[in-house]
Every structure is written in structure tokens, then in C-alpha cells.
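Listed in order, the protein sequences are those of chains A and B. So the first sequence is numbered by the working numbering: it starts at 1 and just counts up by one. So the second sequence is numbered by the working numbering: it starts at 234 and just counts up by one. Quick reminder that beta carbons are idealized off the backbone N, C-alpha and C, glycines included. The next block holds one structure in the form of C-alpha cells; read it before the comments.
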Amino acid sequence: MLLDVQELTAGYGKVAVLREVSLGVAAGECVAVLGANNAGKSTLLKVISGLMPARRGKVLFDGADITADSPRGRVARGIIQIPEGRHVFPDLTVEENLLMGGLRLGAGKRRRTKLAEIYETFPPLPPMRTRQAGTLSGGEQQLVAIARGLMAVPRILLLDEPSLGLSPVAIDRVLEVLLTIRDTGTTMLVIEQNAQVCFDLCSRGYVLRRGQVVTAGKMEKLSTEELKRAYFS
Amino acid sequence: MLFVAGIVQGIVLGIILALVTSGMTLIYRVTGIINFAHGSLMAIAMYLAFDLKRYWNVDPLLASLAIAPLMAAVGWALFWGLIRPIRRQHHLLTIQVLLGLSFVIEALLLMRYGADMRSAENIFSGKFVTVLGVGIEVTRVVAFLLSLIGLTALGIALRYSDWGRRLRATAADELAAYLVGIPVLRVEAWTWGVGIGVLGLVGPVLADVFKMTPDMGLRYAILALVVLIIGGGRTMAGTIVGGLLVGFAETLGLLYLPGSYGGLMPYALLAAVLLLNPAAVLAKMHGR
Chain A
1 MLLDVQELTA GYGKVAVLRE VSLGVAAGEC VAVLGANNAG KSTLLKVISG LMPARRGKVL
61 FDGADITADS PRGRVARGII QIPEGRHVFP DLTVEENLLM GGLRLGAGKR RRTKLAEIYE
121 TFPPLPPMRT RQAGTLSGGE QQLVAIARGL MAVPRILLLD EPSLGLSPVA IDRVLEVLLT
181 IRDTGTTMLV IEQNAQVCFD LCSRGYVLRR GQVVTAGKME KLSTEELKRA YFS
Chain B
234 MLFVAGIVQG IVLGIILALV TSGMTLIYRV TGIINFAHGS LMAIAMYLAF DLKRYWNVDP
294 LLASLAIAPL MAAVGWALFW GLIRPIRRQH HLLTIQVLLG LSFVIEALLL MRYGADMRSA
354 ENIFSGKFVT VLGVGIEVTR VVAFLLSLIG LTALGIALRY SDWGRRLRAT AADELAAYLV
414 GIPVLRVEAW TWGVGIGVLG LVGPVLADVF KMTPDMGLRY AILALVVLII GGGRTMAGTI
474 VGGLLVGFAE TLGLLYLPGS YGGLMPYALL AAVLLLNPAA VLAKMHGR
């Protein structure tokens, strides 16, 4: 397992949002985490990225215990998250956003080369490079957010609700991009409420309900009944 | 003729105010805190220059080479020791702490230097130069030039360097800053360092320009706040515009209005700006 989450418990104040959650992502896999709104999915990614401490349990990456690592340390290891709601730097230009994403590569040639690569991979980006990211549409911002994440050459890409708030057309485009990323062998962990995106993208899935894993398995084996129970009961 | 004098003096004062405020603006943008101790910290820089002049006859202009990094260290330490532990709590708490710090500094300065007005002369003291037919103290012009250089350097660094981008990114979206690996706490500490260090750069020269009394701190903090609000609190350009407007208000006010009503002008300007465009100003103050 590249990412190994063991019996993770975390929360805010007295409330435990995640309860003894265990999951794993092997190198090259694309794994989904499904669940309703308050199931704790975003909290899970926050803990993996170091934005929130774990109360109990461990997070292991490539064999190393990163439970106490700083957010910066996790980025240095290649754990890159594309957060919910995109969170591009609105006052910065698209190019500056990408440059910030590439901080892990330093400030020199490596980053510039990667930037050129990203511009080639994502043709819609070069014409937008001097535009302030805050002026872009939701779909465009999502593209910038994903490209920004890729600038860091991630060893695992964590995506928090990539389709949230996007029009159906934009969702299709984002899905295309994510499929391409998956097909290059990048390890991915995807949080999604949109089950269809998960089915198209991921091979395995976990279903979270009220902070606990209630079902896990291959995507095609996750029956409609189990999903309905997880979301609606 | 008087009007030209007012304009020239206004520009000189305005740029100086802009530099002083740029530190406060930076701190506000990146860490979200209004530094009410800003003026008092500048007072420390000025009184330090006074001491160096009094005991070792060091010219304040030279002293600023040492005082600027010292003040930067003070700013850094202030962030780590005082601000970081409390800033996640009620935002009024940070304001109270900084106001309290301002009073503590005032009391310490009073104990050490007494209540008399002081000044620290530098190599240009007492000399005058004529600009557009207006006589200005050379010291003021030096402060003006230093401020101009400082503002330009800051502006360029913020716009074109990675350091500046990291600062702007942290100011724009802290969560995303963490997620791209920006060392957010370090960036914030550096911001306080630069924001206060700037005071150490221009403060020693101002020891011969501004009246130095132990209670000057709060007065200048408020004035800087006025410049910040009028300028929008977001961009360097805004800070410069705000500084110039306040500079004009003060100098033209002092020239044309009776008594010391002129000193009220910056605040009257603030009132006018808030009355005429409160939505824009408040929207800028509270983020996007």
C-alpha cells in the first residue's frame, strides 16, 4: 500500500468526525471514497494532508509514519491535494498559480520545464496564463487547480469533490482530464458525492457513513442497495 | 505659491506615510491583523537612533543600517511569541494585545527618556534645498527618497519574486497555500519581519523630521490606519495613493486652515471616503 490509513479517529472539539477509519491505496490505483455530506470525507483528506491532527490512529505513506508530519512535509513527499471548491489563488494569475503549485520542484529549471509540460498537456491554459485566477469560470478554475496540483509531480493525488458546483459540461471535461491522469499511472484518491464520476474513474471504493467505513470493495461490486443505505438512511 | 509648497510638502509626507503604512498593509493582508503597535514600534526605532547618536555619535542614517534588521527581528519575534499563540481566538483579542503593547512601549519610553520632545540630528540636519521654488529640509527629502526606494523594492519583490508570490498566495488563500507546500507560519513571520523592519529603515531619519515624544506611537498607528483604509488595504499602489491623499490633506490643511485644524484633515478625509464609498472600502477590508 502506498497510502495506508489505520484506525483513524479525528474531529473538532468534542465531536469525532472520523471513527476508526481504515483504508488503503496501492500505487497506481484510483480509489473512491463515497458518502453523504456529513460522512467525514473531507475531514479524511484534511488529516491525510496534515491540515488537521489525528486523535488516534496512523497515516502511513510508502511505509513511513507521517501522522505527525507538517502539511509542508506531506507535500514534499508528493501527497498533493486538490481541495473542495478549487481554492485557486484568486489575486494571482493562472501562471503564478501554477508556479506556486510547482514549489516542490524548487524555483529553477525543473519547475520551468514542468510548467512548459503542463501548458502542452492542457491546451486551454496557455491563453489564460496572465488572467487573474479569480476571474475564471468554475470549470476553468478547476482545470487550473488540477494543473496546479500536477505541477508538484504528485506521488498520490487527493481530489476533494472535483465535480462539485460544476455544470454537466464542465464535469465531463474534468472527468476527461482525470481519466487521462489516471491512465498515466498516477495514484489517486477521489472523494465524490457524484457516484457516476467514481464509477467511471475508480477501480475500488470505500463508503463512509457518519465517520465510519460501512462498505468497501471493487466499484462494480458496490451494489445500489448498499449505496442507498449509506446515503439515505 | 503657498499651494505649490503644500503640494510638494504633501508629496514628501505622503510617500513617507505610504512606506510606514506599507508595513501595516502587508501585515494586514497576509496575517489579517491590524497592527496597533505599529507607531510605537517606529518610536522604538527612532529612540534607538537617538540613543546611538547621543552616546556614540552615530549618524542616524548610518544607524538605520543596523536598526532596520534589528526591527525586522523584533517583528519576527513579536509574531512568534505574541501573535501566533492568540490570533486564532477572537480577533478583538489581538487588537487589545497590540494596543496594550503600544501602551507598554509608551510607558517604557517615558521612563527612559522623559516627556520632553527629542530629536536626533543627522548629517543633513539644518540644511535646506529648493524644489520648485519651495524650501524643504534636506532630511525630509532623504526620508522621501528612502521611502520611495523602499516602496519600489517592496513592490517589485511582491510582484516578480517567488517570495512575493508566496506572500500574496498566503494572503489570498491560506488553505491552498498549505496545500502547495508554502510554509505558511514562516511566511507570516517574515511578513511581520519586513513590515516592522521597514520602520527601522526610515525611522532613524524621521527622528529629525517628526516630533519624538513617548506618546507618538498611537498617533502614528492611527494615522497609518487612516492611510490603510483610504488606500484600500490591499495593493501597494493603493497604499501609495492613500499616503499621498493623507499627505495632501495634512499639509494643505495646515497651510490653509486656522490653528491646528489642519491636523484634523486626514480624519475628515477618512470620514468623507467612508461616507461616499463605504461598501467598497468595507468589502476590501473584510476580504473578497
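Range of the contiguous beta strand (DSSP E) that encloses residue i
| i | result |
| --- | --- |
| G368 (chain B) | V367 to E370 |
| T93 (chain A) | That residue, T93 (chain A), is in no beta strand (DSSP E); it is neither H nor E in DSSP. |
C-beta contact flag for residue i and residue j at 8 angstroms
| i | j | result |
| --- | --- | --- |
| L456 (chain B) | S255 (chain B) | no |
| V438 (chain B) | L379 (chain B) | yes |
| I48 (chain A) | L158 (chain A) | yes |
| V466 (chain B) | T258 (chain B) | Note on identity: in this sequence residue 466 (chain B) is Gly, with Val being the wrong assignment. Result yes, Cβ atoms of G466 (chain B) and T258 (chain B) sit closer than 8 angstroms. |
| E483 (chain B) | L246 (chain B) | yes |
| L334 (chain B) | V241 (chain B) | no |
| V17 (chain A) | G35 (chain A) | no |
| G78 (chain A) | I191 (chain A) | no |
| L99 (chain A) | R398 (chain B) | yes |
| V371 (chain B) | G101 (chain A) | no |
| P71 (chain A) | Y288 (chain B) | no |
| A145 (chain A) | R86 (chain A) | yes |
| G496 (chain B) | L488 (chain B) | no |
| A375 (chain B) | T403 (chain B) | What sits at residue 375 (chain B) in the sequence shown is Val, not Ala. No, these two residues do not count as a Cβ contact at 8 angstroms. |
| V93 (chain A) | T130 (chain A) | The residue you asked about is not Val; residue 93 (chain A) is Thr in the sequence shown. Their beta carbons are under 8 angstroms apart, which means T93 (chain A) touches T130 (chain A) by this criterion. |
| A301 (chain B) | P293 (chain B) | no |
| L311 (chain B) | V330 (chain B) | no |
| V253 (chain B) | Y453 (chain B) | yes |
| D91 (chain A) | R345 (chain B) | no |
DSSP state of residue i mapped onto helix, strand, coil
| i | result |
| --- | --- |
| E29 (chain A) | coil |
| Q196 (chain A) | helix |
| M234 (chain B) | coil |
| M1 (chain A) | coil |
| I181 (chain A) | helix |
| D160 (chain A) | strand |
| V190 (chain A) | strand |
| R521 (chain B) | Note on R521 (chain B): pLDDT 47, under 50, position unreliable in the model; the coordinate value appears next. It is coil, neither helix nor strand. |
| M445 (chain B) | strand |
| G57 (chain A) | strand |
| L386 (chain B) | The displayed chain sequence assigns Ala, not Leu, to residue 386 (chain B). Reduced to three states, the DSSP call for A386 (chain B) is helix. |
| L23 (chain A) | strand |
| D395 (chain B) | helix |
| L34 (chain A) | strand |
| R351 (chain B) | strand |
| S297 (chain B) | helix |
| I244 (chain B) | helix |
| L324 (chain B) | Residue identity check: residue 324 (chain B) is His in the sequence provided, not Leu. Three-state DSSP puts H324 (chain B) in a helix. |
| P154 (chain A) | coil |
| D292 (chain B) | coil |
| A376 (chain B) | helix |
| D172 (chain A) | helix |
| P124 (chain A) | coil |
| L52 (chain A) | Per the sequence shown, residue 52 (chain A) should be read as Met rather than Leu. Looking at M52 (chain A) - three-state DSSP - the assignment turns out to be coil, as it is neither helix nor strand. |
| V337 (chain B) | helix |
| S493 (chain B) | coil |
| L412 (chain B) | helix |
Strand pairing of residue i, partner residues [DSSP]
| i | result |
| --- | --- |
| K218 (chain A) | A:R204 |
| A10 (chain A) | A:L18 |
| D212 (chain A) | Per the sequence shown, residue 212 (chain A) should be read as Gln rather than Asp. In the DSSP output, where bridge partners are listed per residue, Q212 (chain A) has A:R209. |
| A64 (chain A) | A:F61 |
| F361 (chain B) | B:E370 |
| Q132 (chain A) | A:T93 |
For residue i, the first and last residue of its enclosing alpha helix (DSSP H)
| i | result |
| --- | --- |
| I80 (chain A) | Careful: I80 (chain A) lies outside any alpha helix (DSSP H), inside the beta strand (DSSP E) at I79 to I82. |
| V474 (chain B) | M469 to Y489 |
| T424 (chain B) | V417 to L439 |
| R320 (chain B) | Counting along the chain, R320 (chain B) falls outside any alpha helix (DSSP H), and DSSP gives it neither H nor E. |
| W289 (chain B) | H271 to W289 |
| V88 (chain A) | Where V88 (chain A) is concerned, there is no enclosing alpha helix (DSSP H), given that its DSSP letter is neither H nor E. |
| R110 (chain A) | K109 to T121 |
| I48 (chain A) | K41 to S49 |
| L502 (chain B) | M498 to L509 |
| V75 (chain A) | P71 to A76 |
Does the stretch 422-429 of chain B touch the stretch 80-95 of chain A, meaning 3 or more C-beta pairs lie closer than 8 angstroms?
-> The stretch 80-95 of chain A and the stretch 422-429 of chain B do not touch, with fewer than 3 CB-CB distances between them shorter than 8 angstroms.
If you pair each beta-carbon of the stretch 260-276 of chain B with each one of the stretch 445-462 of chain B, do three or more pairs fall below 8 angstroms?
-> Yes, they touch.
Indicate whether the contact test is met: 3 or more Cβ pairs, each with one atom in the stretch 210-220 of chain A and one in the stretch 17-27 of chain A, closer than 8 angstroms.
-> Under the three-pair Cβ rule at 8 angstroms, the stretch 210-220 of chain A counts as touching the stretch 17-27 of chain A.
Taking one C-beta from the stretch 163-176 of chain A and one from the stretch 123-141 of chain A each time, how about it: are there three or more such pairs within less than 8 angstroms?
-> Yes, since at least three Cβ pairs between the stretch 163-176 of chain A and the stretch 123-141 of chain A fall closer than 8 angstroms, the two stretches touch.
Between the stretch 443-457 of chain B and the stretch 191-203 of chain A, do three or more beta carbon pairs fall short of 8 angstroms?
-> The answer is no - the stretch 191-203 of chain A does not touch the stretch 443-457 of chain B, with fewer than three Cβ pairs under 8 angstroms.
Below 8 angstroms between beta carbons is the criterion; list the residues of the stretch 380-402 of chain B that meet it against any residue of chain C, in chain order.
-> Here chain C cannot be found, since the structure's protein chains are A and B.
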